[in-house]
Structures are given as structure tokens and as C-alpha cells.
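>
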Amino acid sequence: KLEGLAAQKDDLLHMGEMGIDQILVDEAQLFRKLSYATNQSDLRGVDPNGSQRAWDLFVKTRFLAKTDPTRPLIMASGSPITNTIAELWNVGRYMDLDALVARNLHEFDAWAANFGETRTELELQPNGLYKPVTRFTEFVNVADLMAMYRDFADVVQSDELARYVKLPSVKGGNRQIVVAESTEDFRAFQQTLAERMRAIEARSGRPQKGDDIILSVMNDARHGAIDLRFIAPWADDDPHSKLNVMIRKVFEIWHETSANRYTNPETGRAYDLPGAVQMIFSDLGTQASQ
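Position 245 of the sequence shown, counting from 1, maps to 245 under UniProt numbering, and the rest follow consecutively.
#1: Is any heavy atom in the ligand NAP found nearer than 7 angstroms to the beta carbon of R269?
#2: Using the Cβ count rule (16 or more neighbours within 10 Å means buried), how would you classify M146?
#3: Give the straight-line distance between the Cα atoms of V217 and R196, rounded to the nearest whole angstrom.
#4: If you follow the alpha helix (DSSP H) that R201 is part of, which residue opens it and which one closes it?
#5: Looking at the structure shown, is T120 part of a helix, part of a strand, or coil, going by DSSP?
#6: Helix, strand or coil for F179 per DSSP?
#7: Taking the alpha-carbon positions, what's the A225 to I231 distance?
#8: With C-beta atoms as the reference, is L30 less than 8 angstroms away from T134?
#9: For my contact list, D236 and L193 are in at a C-beta cut-off of 8 angstroms; report their separation, rounded to the angstrom.
#10: So R135 is in the beta strand (DSSP E); what residue range does that whole segment cover?
#11: Which one or two residues does DSSP pair with M218 in a beta bridge?
#12: Whose C-alpha, out of E266, S182, K60 and L24, is nearest the C-alpha of S241?
#13: Using a Cβ cut-off of 8 angstroms (strictly closer), state whether A259 contacts chain C.
#14: Since I believe I85 is in contact with F136 (beta carbons under 8 angstroms), could you give me their beta-carbon distance rounded to a whole number of angstroms?
#15: Within 10 angstroms of its Cβ, does L13 collect 16 or more other Cβ (buried), or is it exposed?
#16: What three-state label does DSSP hand L228 in the structure shown?
#17: I need the boundaries of the beta strand (DSSP E) containing V250, first residue and last residue.
#18: Short check: CB of F260 to CB of A270, under 8 angstroms?
#19: Rounded to a whole number of angstroms, what is the C-alpha to C-alpha distance between V165 and A28?
#20: Please state the DSSP three-state secondary structure of V142.
#21: What three-state label does DSSP hand M75 in the structure shown?
#22: Who are A270's beta bridge partners in DSSP?
#23: Just mark Y94 as buried or exposed, buried being the case when its beta carbon has 16 or more other beta carbons within 10 Å.
#24: Using 8 angstroms as the threshold, is the C-beta distance between W89 and F108 below it?
#25: Measuring only the C-alpha atoms, how far is P69 from A99?
#26: Quick one: what's V25 bridged to in DSSP?
#27: Among N39, K171 and D159, which residue has its Cα nearest to the Cα of A113?
#28: Using a Cβ-Cβ cutoff of less than 8 angstroms, which residues in the same chain neighbour E117 once the five nearest sequence positions on both sides are dropped?
#29: Do R32 and E87 count as a contact pair if the criterion is CB distance below 8 angstroms?
#30: Where do the N-terminal and C-terminal ends of the alpha helix (DSSP H) with R61 fall, by residue?
Below you can see the structure in the form of C-alpha cells.
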């Protein structure tokens, strides 16, 4: 695989001919999927397959480190770790690979054995059934790990950020969880997911074009959990779906605050429009162009 990646060359100027001595990357979490070798690929959350984008940045960084090892790369991110324990190790590979090599931690399995702990727990699957899953659940030897991390990282804590950014207080002091009741139609939908999962697990060999795959089941489960009409447009308009529960909550807040006048804390002037601002974050069931 490494030979194949190395063979992909652009017919352009060589990087050494461009006079670049440092790379600054914002939103650095987009480069977190750096490939690696491991004997623990069966663990949930461990994915040794990386992206071409991450490998490209890593190769350029190593090239610059040979010409000027002081600071070839600056990475900025509000979420350097988004999904897996390996992402913290990958940040170290980018920023201070020599330190990992000196400590014999440049291989993921050695690093994970020192700083990660695995645990097997029952987890709810897309088909509604529980299954034992082993994954890295927490960091250990945190003091040593953070000492290595702070060698190259400048970390801004939330209390430090509050000095420069005014954060509103959360109503009630914490997030409010709204539970949507399960319905007979949704439980029947879960049964179809279970049947699809069993068929996939019983299939031998690699899936062929058009075959059902686990990713499709998970995608349908995520959409169906919001509203079954995302999966079956002919389904009934269920008042208990998450979508309708959210709509009622949004309307309730609008009704309670529509006459309220709110003041800009910086200017002391009232906003032109009355009512509270509500923001809805959803990347499922929405049009990509809007």
C-alpha cells in the first residue's frame, strides 16, 4: 500500500523547489485519519485505513522536518479528537514523531497498550438488539500522556476561553433530554433491520454490487429513528416521531417567547425582531444545498 501511495506523483514542481519551510493547517481534525498498522483492527473504533489527504500532509511534514526540524507544521483545531483513541496518537505522529520513536511508541499497539484500556460491553445495534462489543473506553497513565501532548500542544481550556468569548448560561444548568416514545410501526421497522443484519452476517464472501451492507442498515436506522417517512414516504405521519416531537417543542418555545424583546448585551439596544432565536442542527434528512 505504501508503494502504491508513493507512486502517485503530480507532474508539477517538486516541493523542495517552491521554498516552503512550514505548513499551517486550520481545522486539523480533517487530517486525523492517518493510516497505520495494528493487530487490533477487530476492536470497535480502531480503523487502520487512512485517507489520501492525511497521508499527503504527513509526507510533506516529514520532508520539511528533514530540512528544518524546528517547526515544520502548525495545526489548529477545536476538536483534535473526534471519534477514536488513535486520533490522539496520530496527532503525535504529525507533531513529534521523534519523541514517539525515542519512547518506542511509534507503533500504535505499543502506544495503545500504555495509554488505552479496552472494555467489552453490551451495545444496542441498529437492528434494536444488544451485542457484546469490545472497544477502547478510556485513557490510562493520563499524566504521562498529557506531558507528552503538552510538549507540542498549546491547549486553551473552556474557562480560559470564557475570558475572551461570552458564553450564554444554559437554561436549567444542563442539557434537557426529550424522549420520544417508541411506536408499533417503529418496532416493526426495527424487526426489518434485524432481518437484514442476520442476512448480511449469514452471507459468505464479499458483497456484490447491489447487495445489502451494514452501512446501509445503519443509515436507514439513523433516518428511521427521526421519522419513518425518511425511509418509507408513504408511512403515516406519526405524532410520536422525533421529528414531530421536535416541531412541537420548537413551536412551544416560539409561542412562549414570540412577544419578548431581547437586548444586545454589547450595545444595550433591543433587537429589531421580537422572540427568541432557535437553532436546529441536523445533517440527516436535509438538502445539502441549503
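Heads up, the beta-carbon is just placed ideally off N, CA and C, and yes, glycines get one too. Quantities reported herein were computed from a predicted structural model and do not represent experimental measurements.
Straight from the coordinates:
#1: Among the components modelled here there is no ligand, and therefore nothing to report on the ligand NAP.
#2: Indexing the sequence shown from 1 puts residue 146 at position 146. M146 comes out exposed.
#3: For the purposes of this step, residue 217 is taken as residue 217 along the sequence shown, with counting starting at 1. For the purposes of this step, residue 196 is taken as residue 196 along the sequence shown, with counting starting at 1. For V217 and R196, the distance between alpha carbons rounds to 7 angstroms.
#4: Looking up residue 201 in the sequence shown gives position 201. In the sequence as presented, Arg is not what sits at residue 201; that position holds Glu. Start and end: E184 to A202.
#5: By one-based count along the sequence shown, residue 120 stands at place 120. Strand, per DSSP.
#6: Indexing the sequence shown from 1 puts residue 179 at position 179. For clarity, residue 179 is Val in the given sequence; the question names Phe instead. Residue state, collapsed to three classes: coil.
#7: By 1-based counting over the sequence shown, the position of residue 225 is 225. By 1-based counting over the sequence shown, the position of residue 231 is 231. So the two alpha carbons sit approximately 10 angstroms from each other.
#8: Residue 30 sits at position 30 when you count from the first residue of the sequence shown. Residue 134 sits at position 134 when you count from the first residue of the sequence shown. No.
#9: In the sequence shown, counting from the first residue as 1, residue 236 sits at position 236. In the sequence shown, counting from the first residue as 1, residue 193 sits at position 193. That pair is no contact at about 19 angstroms.
#10: The residue given as residue 135 occupies position 135 in the sequence shown. Taken as a continuous stretch (DSSP letters only), the beta strand (DSSP E) holding R135 covers Y130 to F139.
#11: For the purposes of this step, residue 218 is taken as residue 218 along the sequence shown, with counting starting at 1. Looking at the DSSP assignment, M218 forms no beta bridge with any residue, so it has no partner.
#12: Sequence index remark: in the sequence shown, residue 241 carries index 241 (1-based). Cα-wise, what sits closest to S241 is S182.
#13: Considering every chain present, this structure includes no chain C. It has just one protein chain.
#14: Within the sequence shown, numbered from 1, the residue matching residue 136 stands at position 136. Within the sequence shown, numbered from 1, the residue matching residue 85 stands at position 85. Confirmed, about 4 angstroms.
#15: Within the sequence shown, numbered from 1, the residue matching residue 13 stands at position 13. When all chains shown are included, L13 counts as exposed.
#16: Here residue 228 refers to the residue found at position 228 when the sequence shown is read from its first residue. Note: L228 maps to helix in three-state DSSP.
#17: Your numbering for residue 250 matches position 250 in the sequence shown. Element bounds for V250: not the beta strand (DSSP E) but the alpha helix (DSSP H), K242 to T257.
#18: To locate residue 260, count along the sequence shown from 1; it is residue 260. To locate residue 270, count along the sequence shown from 1; it is residue 270. The displayed chain sequence assigns Asn, not Phe, to residue 260. Going by C-beta atoms, N260 is not nearer than 8 angstroms to A270.
#19: Here residue 165 refers to the residue found at position 165 when the sequence shown is read from its first residue. Here residue 28 refers to the residue found at position 28 when the sequence shown is read from its first residue. Computed Cα separation, rounded: 22 angstroms.
#20: Taking the sequence shown and counting its residues from 1, the one referred to as residue 142 is at position 142. V142 falls in the helix class under three-state DSSP.
#21: Residue mapping note: residue 75 aligns to position 75 of the sequence shown, counting from 1. Strand.
#22: Taking the first residue of the sequence shown as position 1, residue 270 is located at position 270. DSSP, once it has assigned bridges, lists T263 as partnering A270.
#23: As a position in the sequence shown, residue 94 is number 94, starting the count at 1. Classification of Y94: buried, given that the 10 Å Cβ count is 16 or more.
#24: Within the sequence shown, residue 89 is the residue found at index 89, counting from 1. Within the sequence shown, residue 108 is the residue found at index 108, counting from 1. Their beta carbons are under 8 angstroms apart, which means W89 touches F108 by this criterion.
#25: Within the sequence shown, the letter at position 69 stands for residue 69. Within the sequence shown, the letter at position 99 stands for residue 99. Taking the straight line from one Cα to the other gives about 13 angstroms.
#26: Residue 25 sits at position 25 when you count from the first residue of the sequence shown. According to DSSP, which records beta bridges pairwise, V25 is partnered with M75.
#27: By one-based count along the sequence shown, residue 113 stands at place 113. Taking only the C-alpha atoms, the option nearest A113 is N39.
#28: As a first step, residue 117 is located in the sequence shown; it is residue number 117 there, counting from the start. Cβ neighbours of E117 beyond the five flanking positions: F136, T137, E138, F139 and V140.
#29: Here residue 87 corresponds to residue number 87 of the sequence shown, with the count starting at 1. Here residue 32 corresponds to residue number 32 of the sequence shown, with the count starting at 1. Against a cut-off of 8 angstroms, the Cβ pair of R32 and E87 comes out as a contact.
#30: Position 61 of the sequence shown, counted from the start, is the residue given in the question as residue 61. Inspection of the sequence shows that residue 61 is occupied by Thr rather than by Arg. Q52 to T67 is the extent of the alpha helix (DSSP H) around T61.
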